[in-house]
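Residue numbers (this note's numbering): 44 to 338.
Following this line, the structure appears as structure tokens:
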């Protein structure tokens, strides 16, 4: 504040404006803070009806320049909301979170976070810091929301380090089983199924194959349409038992080394129509790298 006062003094600007400065600073900061209010965002999107659009991005970590470019590209397309698949920060401390919210300042649409391993680390302190960053439903790191006729389920794959905890699994069964027919999408940080060349093999949900397979069977039974994950810094799309499994971890963190195997920065853009969802995978230059349709 002292430096700012000197700035105004040197330029012969009336000191009365200084009284207005804190209001301006609060206004600017409130934009960054607004993406924290997940509970309020759930209420906002509940009134959406097709057509509407949303974006999915994952694993920005310390890739500030790439993340900024991707967010700029997303916002130009005017999404109704954004889902981040986790690893928003490189490590779980307050400064990293302040930096992330500063970078995310332009985002004024509803924002839904998925917890990643870098967001919480391996200590109780990291988990406590994460919960302070967002106003989550009942303070839980897993939750769901409705938009149009679609159900969006956010899971926490970090609580069990590649497992879904028992209480969360029961909640998931109840949530998937109590909804009207419509699109059902699931979002978590660690992928259930990884490409053969992935450096993350053994560190995703495949770390506990029986738990992973139980989760997949639940998705099949509940007729889940798509499952999105990050963690592996690439793009990958595959289908298993009628479910589309997508890895979208190209939000700024160091990439898988081979572009031809999905190692490029990107986000996923989804357009929800009455009877189908059209997806595009978009790189920082605005080029569409892949398309898919869910009916």
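Glycine is no exception: its CB is placed at the ideal position from the N, C-alpha and C atoms.
Inter-residue spacing [alpha-carbon to alpha-carbon] between residue i and residue j
i           : j           : result
residue 324 : residue 130 : 19 Å
residue 277 : residue 217 : 32 Å
residue 287 : residue 138 : 36 Å
residue 285 : residue 239 : 20 Å
residue 172 : residue 102 : 18 Å
residue 168 : residue 174 : 10 Å
residue 293 : residue 306 : 8 Å
residue 193 : residue 250 : 30 Å
residue 338 : residue 320 : 6 Å
residue 206 : residue 311 : 25 Å
residue 255 : residue 248 : 6 Å
residue 20  : residue 83  : Since the first and last residues shown for the chain are 44 and 338, residue 20 lies out of range.
Best match in the options for proximity to residue i [C-alpha to C-alpha]
i           : options            : result
residue 157 : 233, 257, 96       : 233
residue 121 : 136, 143, 95       : 95
residue 196 : 227, 304, 252      : 227
residue 281 : 315, 335, 253, 252 : 335
residue 242 : 275, 259, 269, 178 : 275
residue 318 : 133, 258, 191      : 191
residue 141 : 269, 246, 155, 177 : 177
Integer Cβ distance of residue i from residue j, believed to fall under 8 Å
i           : j           : result
residue 291 : residue 308 : 11 Å between Cβ atoms; not a contact.
residue 85  : residue 230 : With 8 Å as the limit, residue 85 and residue 230 do not qualify as a contact, their Cβ atoms being about 14 Å apart.
residue 135 : residue 106 : With 8 Å as the limit, residue 135 and residue 106 do not qualify as a contact, their Cβ atoms being about 17 Å apart.
residue 128 : residue 99  : 7 Å
Per-residue DSSP class, three states only, for residue i
i           : result
residue 158 : coil
residue 127 : strand
residue 169 : helix
residue 143 : helix
residue 119 : helix
residue 335 : strand
residue 323 : strand
residue 60  : At residue 60 the pLDDT is 40, less than 50, meaning the model places this residue with poor confidence; the figure from the coordinates comes in the next sentence. Residue 60: helix per DSSP, three-state reduction.
residue 182 : helix
Okay, do the stretch 108 to 122 and the stretch 180 to 193 touch, 3+ Cβ pairs below 8 Å being the bar? no
Decide yes or no for the touch test of the stretch 296 to 303 against the stretch 258 to 270: beta carbon pairs closer than 8 Å, at least 3 of them. no
I'd like to know if the stretch 138 to 150 and the stretch 214 to 231 are in contact, where contact means that at least 3 CB-CB pairs between them fall below 8 Å. no
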